[in-house]
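Undergrad:
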Amino acid sequence: MNRLTRNSVLLLLIAGVLGLALAWSIGPRIAWSQSSDEYHQLQQTWQGAQAIGRYSYETTLIQNAKPTLSLANVGRGSRTSQMTLHGAIDRPTNAMTMEITGEDGQTLAVKVENGQSYTQQTDGTWIETDADTQLFAPGGDPMGFLQAVEKVRLIGAGQESGLFPAELLPTKLVEEMTRYQFDLSGPKYAQFMRNNMEEYLRRNGELPPGMNLALADHYVKMKGQGEIWFDSQGLPWQQVIHMQFPAQPGASEQIDAEITTTFNNWGPRSTALLSLDWSQPGTALEIAYGLTGLSLAEWQQIAYGLSTLLLVLGLGALAAVYRRAYALRLALHSVIILSMVIVPLLQTKQVEAFSIRQEERKLDAAAQEAKRTEAQAMNAEMAGQDFDPQVGLRRVAMDQPVAMQSLSASQTQAAAQQSITTDQTDSDGDLLPDSAETNKYGTDPNDADTDNDGLDDGVEVLELGTDPLLDDTDGDQIGDK
């Protein structure tokens, strides 16, 4: 086999693999292309700001804990806690810093580098911690909530806004601002949080290949609304987020959160291209998408078809050239045997080890929570106060920085202990895994809207509770939409 032939076969195989990677990267963006013009405008403006990569922010987080309806909560009222954050984002170095100040004035310094959180000690040193910043900065970004928006509305200068009244600002400033209101989708938010958790676990070698986390139920059922303001240069100025989390089974409180963030000190736009992650196939895809005008679904089909063809041609050429080579046949047979026998055994061991680690973490978290509860009970008794077993956000952040949590301890633990599934493939992008559509709901895994009523199957199942197989679930002659 001459060098030219070898190079041709190698190029075919490499091109096929790269094509599959490109096709895979398109999937999450298909839903983006199917939304409203306002959604597109918001996403494009946000991505333009994201490309700058460096900015500062100030966040006020107010958590309201409401007692659930139960006999044990008779006579109890709501509790409100507040904390403020001053921080900075540096996307080119994948870093985030912040100072968290509680109601009592105590300050906790936290930084996140490459997904790992650190807290600063009294002597100035930094130690690794499990500090959770997801509530006010999902995915390490205060604007990460925009990953889960839906029903985006553009608010004109004369329109009312219940989230942030324009009459509180100077008229000139309001006229120069572009305002968007939106709802937060629980399923989209749960998927975003799940993906971040999977990325973190895989980066640390804890999640076995082929394994996926299931969507956290209390994120799926989360309800939320928000508003974001962009200035005349297209840079975010103010963001307001309201989130309502459902009470966990057996919990005595239900958590609401209001997160208000102001952005400033944006870096120069000349650094925009440098801040892009060119190692990701999706970066080049975004540029190609804007130049060609083809839909993302069309790009995905083209990429899958071409890459499959290239791989078949490459493997066929390889087999034709080396058809008489004993060494090649031996190598191919060995690879097949390893892939069918050895690899599944190794994955089984990894899954078992992962499950053991998750169970150990769950037990450790329960033990730490029991210790905190016992300590608080003793302190309350000594102070002559009524004991409240629920740990507020500010108290956890200030008193237990190593285990700082965004929600109550039980809610954060539930997010970290999401159940494991073997296949979360979602071919039609409706947030329902193909396996669930086929085996549980009876919907078409390749059609996001099985009953053609204008509502995705995932929206009907996860949000509305309507039948994804019927366009008029209750038979009242009025369509579900």
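Be aware that the sequence shown starts at 6, since it is given in the numbering used here, and climbs by one per residue. Glycine included, each C-beta is placed from N, C-alpha and C at the ideal position.
For the putative contact between H91 and E63, defined by C-beta atoms under 8 angstroms, what is the C-beta separation to the nearest angstrom?
TA: Within the sequence shown, residue 91 is the residue found at index 86, counting from 1. Within the sequence shown, residue 63 is the residue found at index 58, counting from 1. Right, their Cβ atoms sit about 5 angstroms apart.
Undergrad: Could you check whether E133 and Q121 sit closer than 9 angstroms to each other, using their CB atoms as the reference points?
TA: Mapped onto the sequence shown, residue 121 falls at position 116. Mapped onto the sequence shown, residue 133 falls at position 128. Closer than 9 angstroms, so yes.
Undergrad: How is the beta strand (DSSP E) around G231 delimited, first residue to last?
TA: Walking along the sequence shown from the start, residue 231 turns up at place 226. For G231, the enclosing beta strand (DSSP E) has its first and last residue at K228 to F235.
Undergrad: According to DSSP, what are the bridge partners of R158?
TA: Locating residue 158 in the sequence shown gives position 153, where the first residue counts as 1. Its beta-bridge partners are Q186.
Undergrad: Can you tell me the Cβ-Cβ gap for M216 and F250, rounded? I've got them flagged as a contact below 8 angstroms.
TA: Here residue 216 refers to the residue found at position 211 of the sequence shown. Here residue 250 refers to the residue found at position 245 of the sequence shown. That pair is no contact at about 26 angstroms.
Undergrad: Can you determine whether any heavy atom of the ligand NAP sits closer than 8 angstroms to the C-beta of D261, and answer yes or no?
TA: Among the ligands in the structure shown, none appear at all, so the ligand NAP cannot be discussed.
Undergrad: Classify Q52 as helix, strand or coil using the three-state DSSP reduction.
TA: Position 47 of the sequence shown, counted from the start, is the residue given in the question as residue 52. In the structure shown, Q52 sits in a helix (DSSP, three-state: H, G or I).
Undergrad: Once you ignore the five residues that flank I264 on each side, which residues in its own chain have a CB closer than 6 angstroms to its CB?
TA: To locate residue 264, count along the sequence shown from 1; it is residue 259. Same-chain partners within the cutoff: L66, F141 and I246.
Undergrad: Could you check whether L151 and M248 sit closer than 9 angstroms to each other, using their CB atoms as the reference points?
TA: For the purposes of this step, residue 248 is taken as residue 243 along the sequence shown, with counting starting at 1. For the purposes of this step, residue 151 is taken as residue 146 along the sequence shown, with counting starting at 1. Inclusion of M248 and L151 in the CB contact set at 9 angstroms is not warranted, their separation being larger than that value.
Undergrad: Quick check on the burial criterion: 16 or more other C-beta atoms within 10 angstroms. Buried or exposed for V79?
TA: Position 74 of the sequence shown, counted from the first residue, corresponds to residue 79. So V79 counts as exposed.
Undergrad: Rank P241, Y60, V466 and I19 by C-alpha distance to the C-alpha of P503 and give the top, closest one.
TA: Since the first residue shown for the chain is 6 and the last is 486, residue 503 is missing from the structure and cannot be characterised.
Undergrad: For I264, name the three-state secondary structure that DSSP assigns.
TA: Numbered from its first residue, the sequence shown carries residue 264 at position 259. Note: I264 maps to strand in three-state DSSP.
Undergrad: Identify the continuous alpha helix (DSSP H) that holds A195 and give its terminal residues.
TA: Counting from one through the sequence shown, the residue named residue 195 turns up at place 190. A195 -> alpha helix (DSSP H) spans G191 to R208.
Undergrad: Decide if A77 is buried, meaning its Cβ has at least 16 other Cβ atoms within 10 Å, or exposed.
TA: Residue numbering aside, residue 77 sits at position 72 when the sequence shown is read from its first letter. Burial call: exposed.
Undergrad: How long is the line joining the alpha carbons of W37 and T85, rounded to whole angstroms?
TA: On the sequence shown, position 32 is the one that residue 37 refers to. On the sequence shown, position 80 is the one that residue 85 refers to. Legend: pLDDT at W37 = 47, less than 50; position of this residue unreliable, value from coordinates given subsequently. Approximately 36 angstroms between the Cα atoms of the pair.
Undergrad: From T482 to D476, what distance separates their C-alpha atoms?
TA: The residue you call residue 482 lines up with position 477 of the sequence shown. The residue you call residue 476 lines up with position 471 of the sequence shown. A small fix is needed here, since residue 482 is Gln in this sequence, not Thr. The alpha-carbon atoms of Q482 and D476 are separated by roughly 10 angstroms.
Undergrad: Go ahead and label K5 buried or exposed: buried means 16 or more other beta carbons lie within 10 angstroms of its beta carbon, across all protein chains shown.
TA: Summary: the structure shown does not reach residue 5, with the chain confined to residues 6 through 486, and so no result is reported for it.
Undergrad: Going residue by residue through the stretch 50-111, where are the continuous alpha helix (DSSP H) segments of at least 4 residues, counting only ones entirely within it?
TA: Correct list: empty.
Undergrad: Give me, in chain order, the residues of the same chain whose beta-carbon lies closer than 7 angstroms to that of V466; leave out the 5 immediate sequence neighbours on both sides.
TA: Along the sequence shown, one-based indexing puts residue 466 at 461. Hits under 7 angstroms: L437, Y446 and P473.
Undergrad: With V5 as the anchor, note down where its alpha helix (DSSP H) starts and where it stops.
TA: What the structure shows of the chain is the stretch from 6 to 486, and residue 5 is not part of that stretch, so it cannot be assessed.
Undergrad: Can you list, in chain order, the residues of its chain whose CB lies under 7 angstroms from that of D452, leaving out five sequence neighbours each side?
TA: Working through the sequence shown from its first residue, we reach residue 452 at position 447. Cβ within range, chain order: D433.
Undergrad: In whole angstroms, give me the CA-to-CA distance for T266 and A221.
TA: Stepping through the sequence shown from its first residue, residue 266 is reached at position 261. Stepping through the sequence shown from its first residue, residue 221 is reached at position 216. If you take the alpha carbons of T266 and A221, they lie about 26 angstroms apart.
Undergrad: Would you decide whether P254 is buried or exposed? Buried here means 16 or more other CB atoms lie within 10 Å of its CB.
TA: Position 249 of the sequence shown, counting from 1, holds the residue named residue 254. The residue in question, P254, is exposed, as its Cβ has fewer than 16 Cβ neighbours within 10 Å.
Undergrad: What is the rounded straight-line gap between the Cα of G231 and the Cα of A20?
TA: By 1-based counting over the sequence shown, the position of residue 231 is 226. By 1-based counting over the sequence shown, the position of residue 20 is 15. Roughly 43 angstroms between the two C-alpha positions.
Undergrad: Please report how far the alpha carbon of G144 lies from the alpha carbon of N201, in whole angstroms.
TA: As a working mapping, residue 144 is identified with position 139 in the sequence shown. As a working mapping, residue 201 is identified with position 196 in the sequence shown. When the Cα atoms are used, G144 and N201 turn out to be separated by approximately 6 angstroms.
Undergrad: Between which two residues does the beta strand (DSSP E) carrying P273 extend?
TA: For the purposes of this step, residue 273 is taken as the residue at position 268 of the sequence shown. It is not in any beta strand (DSSP E) - P273 carries neither H nor E in the DSSP assignment.
Undergrad: For A100 and E118, which I take to be in contact (beta-carbon distance under 8 angstroms), what is that distance rounded to the nearest angstrom?
TA: Along the sequence shown, read from residue 1 onward, the residue named residue 100 stands at position 95. Along the sequence shown, read from residue 1 onward, the residue named residue 118 stands at position 113. That belief holds up - the Cβ atoms of A100 and E118 are roughly 5 angstroms apart, short of 8 angstroms.
Undergrad: Hey, how far is the Cα of K71 from the Cα of R158?
TA: Counted from its first residue, the sequence shown places residue 71 at position 66. Counted from its first residue, the sequence shown places residue 158 at position 153. If you take the alpha carbons of K71 and R158, they lie about 30 angstroms apart.
Undergrad: For my contact list, V225 and A195 are in at a C-beta cut-off of 8 angstroms; report their separation, rounded to the angstrom.
TA: Numbered from its first residue, the sequence shown carries residue 225 at position 220. Numbered from its first residue, the sequence shown carries residue 195 at position 190. That pair is a contact at about 4 angstroms.
Undergrad: Apart from the five residues just before and just after G531, which ones in its own chain have a Cβ nearer than 8 angstroms to its Cβ?
TA: This structure cannot speak to residue 531, because the chain is shown only from 6 to 486.
Undergrad: Ends of the beta strand (DSSP E) at Q253?
TA: Sequence index remark: in the sequence shown, residue 253 carries index 248 (1-based). Per DSSP, Q253 lies in no beta strand (DSSP E) segment and is marked neither H nor E.
Undergrad: Would you kindly work out how many angstroms separate the C-alpha atoms of Y205 and T430, rounded to a whole number?
TA: The count along the sequence shown starts at 1 and reaches residue 205 at position 200. The count along the sequence shown starts at 1 and reaches residue 430 at position 425. About 19 angstroms.
Undergrad: Could you tell me which residues DSSP puts in a beta bridge with Y123?
TA: Within the sequence shown, residue 123 is the residue found at index 118, counting from 1. Per DSSP, K116 and E133.
Undergrad: Which residues in the same chain as D435 place their Cβ atom closer than 7 angstroms to its Cβ, once the five residues preceding and following it in sequence are excluded?
TA: Within the sequence shown, the letter at position 430 stands for residue 435. Result list for D435: A453, D461, D462 and G463, in chain order.
Undergrad: Residues bridged to L140 by DSSP?
TA: For the purposes of this step, residue 140 is taken as residue 135 along the sequence shown, with counting starting at 1. Note: L140 sits in no beta bridge, so no partner.
Undergrad: Taking all protein chains shown into account, do 16 or more other C-beta atoms lie within 10 angstroms of the C-beta of K116, making it buried, or fewer, making it exposed?
TA: For the purposes of this step, residue 116 is taken as the residue at position 111 of the sequence shown. Looking at its Cβ environment, which holds 16 or more other Cβ atoms inside 10 Å, K116 is buried.
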